[in-house]
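S.K.: Quick note, this note's numbering runs 290 ahead of the 1-based positions in the sequence shown. Next up is a structure, given as structure tokens.
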Amino acid sequence: MKARDRLRIAIQKSGRLADPARELLARIGLSFRESRDRLFCYGESLPIDLLLVRDDDIPGLIAEGTCDLGIVGRNVLAEQAENRRAAGQAEAYRELRTLGFGSCRLSIAVPQDDAGQPASALAGKRIATSYPGLLEAWLRERAIDAEVVLLSGSVEIAPRLGKAEAICDLVSTGGTLAANQLVESEIVFESEAVLAGPPDGFGDERAGLAALFLRRLDGVLRVRD
Ligand code: PRT
Ligand code: ZN
């Protein structure tokens, strides 16, 4: 790849992680000039630029080298890593730091009438999710033979629509589950926002910049603890 002397960080354009990610970068001392389309922000205080994207695109942008670092939910990173593994692809990114915001869990939830049953009772059932990789790995580890139904959104209404007997979705307060008369039964994966980067370091000037960025980040994270 062509040597680059600026570091590029991908963050969510809008959504739950967008504001906390921008605040964290500001606290590290980074300032940016936004482009008119608001997709690219040019780093003014340091040669570190931002790309504002959908969170799902961040692991792929790091894998292909378009971005050097990314702030993304561990759930998104791990789901895509699982899918890459299943497809026989090499590891393409790694979690470098946990950032202390965006915490949630990927949980299985069942209708209230089925609450209190053991995980083995999921056998033979359909579980709707947007996280098939993480759910299948969890089921495999426990030798539970359930059918995974892939839904891209509104997973919580799948049982009422007769599409599944259980769901596996992100939970933070639990309000969405309660509103849909569902009860959390198993935690599949614990998540929070993380800084992701390539599995190996950088071969050019970005190595020094990445080290500087991590040093400043660690300082900010330490103060927060
Ligand atoms: O547009 P883009 O693709 O970038 O955004 P998105 O809609 O895919 O993501 P977004 O902004 O909703 O979430 C980004 C990240 O925030 C997720 O990948 C998680 O790492 C983290 N996060 C933390 C959450 C939640 N908490 C969360 N509660 N992501 C989603 N939820 C949803 C959940 O799916 C469910 O619908 O909130 C609902 C449940 O919340 P409670 O509080 O009712 O339990
Ligand atoms: Zn998304």
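From the three backbone atoms N, C-alpha and C, an ideal C-beta is built for every residue, glycine too. All values reported here derive from a predicted model rather than from experimental measurement.
Would you check if there are 3 or more beta carbon pairs closer than 8 Å linking the stretch 332-342 to the stretch 292-301?
M.R.: A contact exists between the stretch 332-342 and the stretch 292-301.
S.K.: Less than 8 Å separating the beta-carbons of residue 446 and residue 424?
M.R.: Taking the first residue of the sequence shown as position 1, residue 446 is located at position 156. Taking the first residue of the sequence shown as position 1, residue 424 is located at position 134. Cβ distance not < 8 Å, so residue 446 and residue 424 don't count as in contact.
S.K.: Could you give the first and the last residue of the continuous alpha helix (DSSP H) run that contains residue 339?
M.R.: Residue 339 sits at position 49 when you count from the first residue of the sequence shown. Element bounds for residue 339: not the alpha helix (DSSP H) but the beta strand (DSSP E), 338-343.
S.K.: Give, in chain order, every unbroken run of the beta strand (DSSP E) that is at least 3 residues long and sits entirely within the stretch 347-397.
M.R.: List check, beta strand (DSSP E) in window: 359-363 and 384-388.
S.K.: State the DSSP-derived secondary structure class of residue 463, mapped to helix, strand or coil.
M.R.: Walking along the sequence shown from the start, residue 463 turns up at place 173. It is coil, neither helix nor strand.
S.K.: Which residues bound the beta strand (DSSP E) around residue 439?
M.R.: Locating residue 439 in the sequence shown gives position 149, where the first residue counts as 1. Per DSSP, residue 439 belongs to the beta strand (DSSP E) from 437-440.
S.K.: If you drop the 5 nearest sequence neighbours on each side, which residues of the same chain put their C-beta closer than 6 Å to that of residue 437?
M.R.: As a position in the sequence shown, residue 437 is number 147, starting the count at 1. 416, listed in sequence order.
S.K.: Under DSSP, the beta strand (DSSP E) around residue 412 begins and ends at which residues?
M.R.: Stepping through the sequence shown from its first residue, residue 412 is reached at position 122. Element bounds for residue 412: n/a, residue is neither H nor E.
S.K.: Answer yes or no: the CB of residue 253 versus the heavy atoms of ligand 2, is any distance below 7 Å?
M.R.: Any property of residue 253 remains undetermined from this structure, which presents the chain solely from 291 to 515.
S.K.: Starting from residue 317, trace the alpha helix (DSSP H) in both directions and tell me its first and last residue.
M.R.: As a first step, residue 317 is located in the sequence shown; it is residue number 27 there, counting from the start. Where residue 317 is concerned, the enclosing alpha helix (DSSP H) stretches over 308-317.
S.K.: What residue range does the alpha helix (DSSP H) around residue 431 cover?
M.R.: The residue labelled residue 431 in the question sits at position 141 within the sequence shown. Taken as a continuous stretch (DSSP letters only), the alpha helix (DSSP H) holding residue 431 covers 422-431.
S.K.: Are residue 383 and residue 456 closer than 8 Å when you measure CB to CB?
M.R.: Looking up residue 383 in the sequence shown gives position 93. Looking up residue 456 in the sequence shown gives position 166. Not in contact: residue 383 and residue 456 (Cβ atoms no closer than 8 Å).
S.K.: From the DSSP output, in three-state form, read off residue 509 for me.
M.R.: Along the sequence shown, read from residue 1 onward, the residue named residue 509 stands at position 219. Correct three-state label for residue 509: helix.
S.K.: Would you check if there are 3 or more beta carbon pairs closer than 8 Å linking the stretch 388-396 to the stretch 460-477?
M.R.: Taking 8 Å as the limit for Cβ pairs, the verdict is that the stretch 460-477 does touch the stretch 388-396.
S.K.: Taking 8 Å as the cut-off, decide whether the C-beta atoms of residue 390 and residue 507 are in contact.
M.R.: Counting from one through the sequence shown, the residue named residue 390 turns up at place 100. Counting from one through the sequence shown, the residue named residue 507 turns up at place 217. It is not a contact, given that the beta carbons lie outside the stated cut-off.
S.K.: Looking only at its own chain, which residues have a Cβ that is under 6 Å from the Cβ of residue 462, when we skip the five neighbours before and after it?
M.R.: Mapped onto the sequence shown, residue 462 falls at position 172. Excluding residues within five positions, the ones whose Cβ falls inside 6 Å are 394.
S.K.: Does DSSP classify residue 405 as helix, strand or coil?
M.R.: To locate residue 405, count along the sequence shown from 1; it is residue 115. Of the three classes helix, strand and coil, the one that applies to residue 405 here is coil, per DSSP.
S.K.: Can you grab the Cα-Cα spacing for the pair residue 332 / residue 324, in whole Å?
M.R.: Taking the first residue of the sequence shown as 1, we reach residue 332 at position 42. Taking the first residue of the sequence shown as 1, we reach residue 324 at position 34. Spanning the two alpha carbons is a distance of roughly 6 Å.
S.K.: Check whether the stretch 494-503 and the stretch 369-376 are in contact - that is, three or more C-beta pairs closer than 8 Å.
M.R.: Touching, no, given that fewer than three Cβ pairs across the two stretches are closer than 8 Å.
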